[in-house]
Each structure stands twice: as structure tokens, then as C-alpha cells.
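Enquirer: One structure coming up, written as C-alpha cells, with questions to follow.
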Amino acid sequence: MVSIFDQGDIIEVNLDPTLGHEPQKTRPVLVISASDFNMRSSLTVVAPITSINNGYPMHVCLSGDESAKGYVCVEQLRAIDLIARKTTYIGTASPETMDAVLTRVGAAFGI
1223 MVSIFDQGDI IEVNLDPTLG HEPQKTRPVL VISASDFNMR SSLTVVAPIT SINNGYPMHV
1283 CLSGDESAKG YVCVEQLRAI DLIARKTTYI GTASPETMDA VLTRVGAAFG I
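Going by our numbering, the sequence shown opens with residue 1223, and the numbers climb by one from there.
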């Protein structure tokens, strides 16, 4: 059975294979694409979560009430095929976190 995740869900997924500075290995990611898009597409847009605070302006700190800890790397958005990758649901980001993330997504694309 294929899992359809909602925008704001935090899931664990193996991001390998990767190249260059792309985040790798199994790690938590935040689902960025809208739920309706995820139901109609074979791809889901995600942002990896890192435990390291580099002070980057495109990183959003997950607040303490969320099931994952760390920083959402908005500059590292990628579309992944969740059918081809094993995933585990971890939790859901707070509305405040999603607002901050989507504001940075808009800024990155000039929208």
C-alpha cells in the first residue's frame, strides 16, 4: 500500500543516492508539497532536516513541541518518489513552523 503524506508531515526516508552537498542517508524530512499534489503525483517535495545549526537564513528551527528536532533545510528542497523509498511517519510540524518554512520557500522562488 502506498502512503500519501500531507503537507507538514515529518517522515523518515533514505535520501541515498546523492551527489555533492546533497543531504544523504536516512533522515527526517518535512513534506512541503500540498496534500492534493501528493495524491496526484508520483513525487513528493520534501526538505531535509539536519541536527546542525549552521545559522543559515533558509533554515527553520523545529519548535520543541514537534516529534523531530533540528532545522528544516529549505534551500535543499527535492522531489522524491516515496513509492520507491521506505518511509516512516514521525509526526507533524506545527502551524508556526510551516508558516516559516513556506515563507522561505516563497522567498527562494521569488513568489
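Yeah, the Cβ is synthetic: ideal placement off N, Cα and C, and Gly gets one too. Predicted model only: the values in this text are computed from it and were never measured.
Tell me where the beta strand (DSSP E) around P1250 begins and ends.
Expert: Per DSSP, P1250 belongs to the beta strand (DSSP E) from 1248-1253.
Enquirer: What span of residues does the beta strand (DSSP E) with P1279 cover, start to end?
Expert: Note, P1279: premise wrong, no beta strand (DSSP E); not H, not E.
Enquirer: Tell me which residues share the same chain as H1243 and place their Cβ nearer than 8 Å to its Cβ, disregarding the 5 neighbours each side in the sequence.
Expert: Only weak support is given to the placement of H1243: the predicted model assigns it a pLDDT of 48, under 50, and the question is left unresolved by the model.
Enquirer: Are the beta-carbon atoms of V1253 and L1299 separated by less than 7 Å?
Expert: Against a cut-off of 7 Å, the Cβ pair of L1299 and V1253 comes out as no contact.
Enquirer: So, does the stretch 1276-1292 touch the stretch 1303-1310, judging by three or more C-beta pairs under 8 Å?
Expert: Flag = no, the stretch 1276-1292 and the stretch 1303-1310 do not touch.
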